[in-house]
Amino acid sequence: MAEWFLFLPQLRFGIEAIVARASAAESAGFDGIAFIDHLEPPAAADQPIWEAMTLATWVAAHTERLRIGHLVLCDAFRHPAVLAKQAVTLSAVSGGRFELGLGSGSWPAEFTRFGLPDADDAKARAARLARDVAIIRDCWGCDGETPMTQKPLPPQRIPLLFGGTGKTTLALARQYGDWWNIPSHQLDRLPALAPAAGAARVSLQQMVGFVPEGEDAAAIAETSKRRFGYLGTGLVCGDAAAMVEHFAALADRGVARFYVWFADFAPPAVLHEFAETVITPMSTR
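Counting in UniProt numbering, the sequence shown tops out at residue 285, every number present.
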């Protein structure tokens with residue numbers, strides 16, 4: 001059975017609006033929620049954006065069941081020993097609901113603006129990610145106690161997710177990952193790339209222009225494409241029947257988790273209708 005996360009980039013929203021959407025997703029039946037991790041929003045540097053780990057902690061405090069994660073945390077933003085401690089703490093306070101999603105960084109412009117290393121060297125950023133994952137695992141005592149091991153140890157296993165299609169990312173997913181997230185614009189490469197990710201389960205971010213019952217499908221599609229048409233095949237528009245057909249086809253291709261990103265910015269009523277008319281029918285397949 002597929003898992004369903006609300007993907008909610010934390011810009012354009014106040015904190016109360018984010019919590020309201022997280023609460024709606026939880027009551028509607030979504031399995032989790034995921035945020036982004038940027039110091040400035042990609043291609044929208046004038047927009048304010050909330051810090052990812054602090055926000056995840058706040059949302060965890062205002063929900064009871066929803067799993068909390070990111071697509072994905074940028075490895076370069078935090079020292080790995082600090083991130084290891086943050087992850088253990090968030091896992092503990094949330095009752096084991098935190099998942100650690102990691103990537104090497106996808107927006108070099110913010111590396112340059114804020115003086116982060118290796119802005120123009122993707123291979124160096126990938127190598128840093130591999131080193132930092134090893135440090136995090138040492139801090140957690142994953143392979144026995146080392147001089148880096150921190151206390152307390154994780155109170156429960158913290159799932160790991162890796163996002164991207166580079167060789168290093170796929171190797172980390174294969175060796176340590178519970179999940180591997182493939183970018184939607186590379187979905188056609190899934191059969192070729194999935195073996196390199198090993199046993200890690202496949203997840204996918206999907207932008208939807210969801211048409212609630214009785215709404216104008218053409219108007220919703222037009223607005224969705226105006227806002228997010230740059231995503232190409234990463235945007236799909238339609239009513240509940242079309243969504244069920246679309247996601248069922250993806251599940252048949254091996255996608256086990258969907259991060260659903262709503263082009264209308266996920267009003268709570270839309271989340272409930274999507275869950276009732278798409279997620280529930282999908283659960284009976």
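C-beta atoms are modelled at their ideal positions from N, C-alpha and C, and glycine is treated no differently.
As the structure is a computational prediction, the values presented were derived from the model and not from experiment.
Straight through space, the alpha carbons of THR284 and SER104 are spaced by roughly 37 Å.
Residue nearest to ALA22 within the set ASP37, SER224, PRO267 and PRO41 is PRO267 (criterion: CA-CA distance). A check of alpha carbon separations from ALA56 across ARG125, ASP132, LEU71 and PHE274 identifies LEU71 as the nearest. In this structure LEU66 is in contact with GLU26, their Cβ atoms being roughly 4 Å apart against a cut-off of 8 Å.
When the beta-carbon positions are compared, PRO41 and LEU11 come within less than 8 Å of each other.
With contact defined as three or more Cβ pairs closer than 8 Å, the segment 205-222 and the segment 74-83 are not in contact. The DSSP-derived three-state label of GLY238 is strand.
Annotated three-state conformation of MET207 is strand, per DSSP. In terms of CA proximity to TRP58, GLY14 leads the group ASP46, TRP261 and GLY14. Within the DSSP secondary-structure output, TYR259 pairs in a beta bridge with PHE5 and GLN205. The Cβ atoms of TRP261 and GLN186 lie no closer than 8 Å to each other. When DSSP reads this structure, GLY32 sits in a beta bridge with PHE5 and ARG67. Annotated three-state conformation of ILE182 is strand, per DSSP. Relative to GLN175, the option among ALA134, MET207, PRO48 and LEU153 whose CA is nearest is ALA134.
Residue nearest to GLU3 within the set GLU273, ASP264, ALA248 and ALA263 is ALA248 (criterion: CA-CA distance). With distances taken between CA atoms, GLN156 lies nearest to GLY96 out of GLY96, THR63 and THR54.
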